[in-house]
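Chemist: Residues -11 to 453 (this note's numbering) are what the sequence shown spells out, left to right.
Glycine included, each C-beta is placed from N, C-alpha and C at the ideal position.
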Amino acid sequence: MTDALPIVIVGAGPAGIRAAEQMVEAGIRPIVLDEGLRAGGQIYRRPMIDDGRSYRNRYGSEARKAEQLHAAFERLRPAIEYRPETLAWNVSGQERGGHLDMMTDGVHNQIAFSKLLLCTGATDRVLPFPGWTRPGVFTLGAAQTALKAQGCTVGDRLVFMGSGPLLYLVAWQYMKAGATVAAVLDTAPLRSKIHLVSLFARAPRIVALGLFYGAQLQLSGVKIRYGVRPETVIGADRVEGIRFQASGCTQELECDAIAYGFALRPETQLADLAGCRFRFEDRDRTWLPERDALGRTSRKDVYVSGDGSGIAGADAAEIDGQLAALAILNDVGKTVEGDRLRQLMAARARILRQREILENAFPFPRDWFETVPAETTLCRCEEISIGEIRRAVEAGNIGEINRMKALSRVGMGRCQGRMCSVAATEVLRSIRNVEPQETGRLRAQAPVKPIPLGFGGPLDREAGR
-11 MTDALPIVIV
-1 GAGPAGIRAA
9 EQMVEAGIRP
19 IVLDEGLRAG
29 GQIYRRPMID
39 DGRSYRNRYG
49 SEARKAEQLH
59 AAFERLRPAI
69 EYRPETLAWN
79 VSGQERGGHL
89 DMMTDGVHNQ
99 IAFSKLLLCT
109 GATDRVLPFP
119 GWTRPGVFTL
129 GAAQTALKAQ
139 GCTVGDRLVF
149 MGSGPLLYLV
159 AWQYMKAGAT
169 VAAVLDTAPL
179 RSKIHLVSLF
189 ARAPRIVALG
199 LFYGAQLQLS
209 GVKIRYGVRP
219 ETVIGADRVE
229 GIRFQASGCT
239 QELECDAIAY
249 GFALRPETQL
259 ADLAGCRFRF
269 EDRDRTWLPE
279 RDALGRTSRK
289 DVYVSGDGSG
299 IAGADAAEID
309 GQLAALAILN
319 DVGKTVEGDR
329 LRQLMAARAR
339 ILRQREILEN
349 AFPFPRDWFE
359 TVPAETTLCR
369 CEEISIGEIR
379 RAVEAGNIGE
389 INRMKALSRV
399 GMGRCQGRMC
409 SVAATEVLRS
419 IRNVEPQETG
429 RLRAQAPVKP
439 IPLGFGGPLD
449 REAGR
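Structural data, given as structure tokens:
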């Protein structure tokens, strides 16, 4: 019977934890799948073992929020079925008959669900430039994870590059950790920061923190450059420096590591495999699952929440997780307070308005591929250059991203396009001189992440609890 099947939450970050909390309060015991070893998600990632660092030392200004979320999860843990180090890699079946494929300790399990809540989070949004595949070049998220989870830096003398609030936060965190920050290279022009004036009226704490990070960096002698475009990573087998353009001049900096990124991209593959309808979102410059205000998708047994349904940050994800849980509770016949819903929706709407201002202050570099050389690798997995993609597009008169994938193999490697899909779309857009929504979206394929060949032995089917 469908009623006997469990409610499954994929992800144990801010959205997943708050959703589970809401369900437990209503008397439901959900199954929570977590790819990590310990709950908290990327932003509040915990070390594998206690390293003695305080919350303030590890999470800075977000220490109180991290501690509260971790404490909430530990209170919840006896009331949920928590499965850490579990990769959810496919969704199959139709409504009222859905199954989730997952891998734990190299063993394949398939679980039937009554409701599936996807709190899959986000990954770094990156763009290629000469030398970006060299050892010593990291995403901002990877550099931050090294500090939080391993308590180490990815280099001794670093350059941080890209656009977005995370750029300044991670640079500041590395400076506080004792690393030498050679420079912060902001690809957005200085004039774009004028938008922060209007944000200050809505969210003074956010702006004050940003000003604090920037001021602390500059007072410590860190160079901050705006309107930057990288030319190349210096060094043959490892990072020895970076050459870049700023203010019409070519400049060089010595460093042994580079961390860069352009905000985040939602992880939407499982929603795609579940058959959810998608829509193009200008704010995120990507395709997202269609959802209502509470996280319901076009498929009645699948819900989405948090950054995996649209980038808005950890605070919004906590609210969004509660909203999605309330939607599920309502849909299974539980009583939901209307006032509670309205309060949460209003709080989420305020954060989304703030997010729109941040997008203007830290814009995506739409002209990136006007200067990147054709020989630059775009798809690392398949080792495909921008020039090869251009030739395939022009020879085949291609205007759609999946057709480009078929003829060039871009996005067919181990990452399934998770690393290169943004860049591939932007290259196709620039060649055809169209907007990104006109190129379509790269369709997800199972498994969404690499799994061992022939893994797991006999299939273990779970019918729920």
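Smallest Cα separation from V(-2): which of A54, M91, L430?
Modeler: Answer by Cα proximity: M91.
Chemist: From which residue to which residue does the beta strand (DSSP E) around T220 run?
Modeler: First-last of the beta strand (DSSP E) with T220: 217 to 222.
Chemist: Do A137 and R226 have their CB atoms nearer than 9 Å?
Modeler: Taking 9 Å as the Cβ cut-off, A137 and R226 do not qualify as a contacting pair.
Chemist: Contact check, E240 vs E228 under 8 Å by CB: the rounded distance?
Modeler: Between E228 and E240 the Cβ distance is about 10 Å, and since that is not below 8 Å, they are no contact.
Chemist: Would you identify the three-state DSSP class for W77, choosing helix, strand or coil?
Modeler: Looking at W77 - three-state DSSP - the assignment turns out to be strand.
Chemist: Name the one or two DSSP bridge partners that Q239 has.
Modeler: In DSSP, Q239 forms a bridge with F232.
Chemist: Using C-beta distances below 8 Å, list every residue in its chain close to L64, excluding the 5 sequence neighbours before and after it, in chain order.
Modeler: If we look at L64 and ignore the five residues flanking it on each side, its Cβ neighbours are I5, A8, E9, V12.
Chemist: Could you tell me whether the Cβ atoms of E363 and G387 are closer together than 9 Å?
Modeler: For E363 and G387, no; Cβs fall outside 9 Å.
Chemist: DSSP state of G330, grouped into three classes?
Modeler: In the sequence as displayed, the identity of residue 330 is Arg instead of Gly. Helix, per DSSP.
Chemist: Determine the closest residue to N375 out of F232, S418, Q204, with distance taken between C-alpha atoms.
Modeler: Per the sequence presented here, residue 375 reads as Gly, with Asn not at that position. The residue with the shortest Cα to Cα distance from G375 is S418.
Chemist: Can you look up N348 in the DSSP assignment and give me helix, strand or coil?
Modeler: In this structure, N348 counts as helix in the three-state DSSP scheme.
Chemist: Give me the Cα-Cα distance between M407 and C367, rounded to the nearest whole angstrom.
Modeler: Distance between the alpha carbons of M407 and C367: 8 Å.
Chemist: Would the region 258 to 267 and the region 97 to 108 be scored as touching if the rule is three or more Cβ pairs under 8 Å?
Modeler: As far as the Cβ criterion goes, the region 258 to 267 touches the region 97 to 108, which means the pair count is three or higher.
Chemist: For G124, which three-state DSSP category applies?
Modeler: Three-state result, G124: coil.
Chemist: For a minimum of 4 consecutive residues, which ranges assigned as the alpha helix (DSSP H) are wholly contained in the region 5 to 75?
Modeler: Segments of the alpha helix (DSSP H) lying fully in the region 5 to 75: 43 to 47, 51 to 64.
Chemist: So what's N385 in DSSP terms, helix, strand or just coil?
Modeler: Three-state result, N385: coil.
Chemist: Identify, in the order they occur along the chain, each residue of the same chain with its Cβ nearer than 7 Å to the Cβ of W160, setting aside the five sequence neighbours on each side.
Modeler: Within the same chain, W160 has close Cβ partners Y201, Q204, L205.
Chemist: Identify, in the order they occur along the chain, each residue of the same chain with its Cβ nearer than 7 Å to the Cβ of R287, setting aside the five sequence neighbours on each side.
Modeler: For R287, where only same-chain residues beyond five positions count, the Cβ hits under 7 Å are E83, A262, G263, C264.
Chemist: With DSSP collapsed to three states, give me the class of M392.
Modeler: Residue state, collapsed to three classes: helix.
Chemist: Where does T427 sit, in a helix, a strand or coil, going by DSSP?
Modeler: T427 falls in the helix class under three-state DSSP.
Chemist: Need the endpoints of the beta strand (DSSP E) that N97 sits in, please.
Modeler: Taken as a continuous stretch (DSSP letters only), the beta strand (DSSP E) holding N97 covers 95 to 100.
Chemist: Using only the alpha-carbon positions, how far apart do A135 and T141 sit?
Modeler: Checking the displayed sequence, the identity of residue 135 turns out to be Leu instead of Ala. So the two alpha carbons sit approximately 6 Å from each other.
Chemist: Can you name the start and end residues of the alpha helix (DSSP H) that R193 belongs to?
Modeler: Unbroken alpha helix (DSSP H) run through R193: 192 to 207.
Chemist: With D174 and V216 assumed to form a contact (beta carbons below 8 Å), what rounded beta-carbon distance in angstroms separates them?
Modeler: Yes, they are in contact, since the Cβ atoms of D174 and V216 sit about 6 Å apart, within 8 Å.
Chemist: Within its chain, find whatever has a CB closer than 8 Å to the CB of R431; leave out the 5 residues flanking it on each side and keep chain order.
Modeler: Same-chain partners within the cutoff: D260, N390.
Chemist: Quick check: the Cα distance between G150 and V360, rounded to an integer number of angstroms?
Modeler: Their backbone Cα atoms lie some 15 Å apart in a straight line.
Chemist: Just how far apart, CA to CA, sit A196 and D93?
Modeler: Computed Cα separation, rounded: 44 Å.
Chemist: What residues in its chain sit with their C-beta under 6 Å from that of G129, if we drop five residues either side in the sequence?
Modeler: Excluding positions up to five away in sequence, the list reads D112.
Chemist: With a threshold of 16 other CB atoms inside 10 Å of the CB of Q342, please say whether the residue is buried or exposed.
Modeler: The residue is buried, with at least 16 neighbouring Cβ atoms inside 10 Å.
Chemist: Return the bridge partner residues of S151 from the DSSP annotation.
Modeler: Looking at the DSSP assignment, S151 forms a beta bridge with F250.
Chemist: Rounded to the nearest angstrom, how far is the Cβ of P254 from that of I299, given a contact under 8 Å?
Modeler: Between I299 and P254 the Cβ distance is about 6 Å, and since that is below 8 Å, they are a contact.
Chemist: Return the CA-CA distance between G223 and L155, expressed in angstroms with no decimal places.
Modeler: The straight-line gap from Cα to Cα measures roughly 23 Å.
Chemist: Return the first residue and the last residue of the beta strand (DSSP E) that D89 is part of.
Modeler: 87 to 92 is the span of the beta strand (DSSP E), which, as asked, contains D89.
Chemist: Considering just the uninterrupted stretch of the alpha helix (DSSP H) at T413, what are its terminal residues?
Modeler: Residues 409 to 420.
Chemist: What separation, rounded to the nearest whole angstrom, lies between the Cα atoms of K164 and E55?
Modeler: For K164 and E55, the distance between alpha carbons rounds to 20 Å.
Chemist: Please go through the same chain and pick out, in chain order, the residues whose beta-carbon is closer than 6 Å to the beta-carbon of Q132, but skip the five residues on each side of it.
Modeler: If we look at Q132 and ignore the five residues flanking it on each side, its Cβ neighbours are V158.
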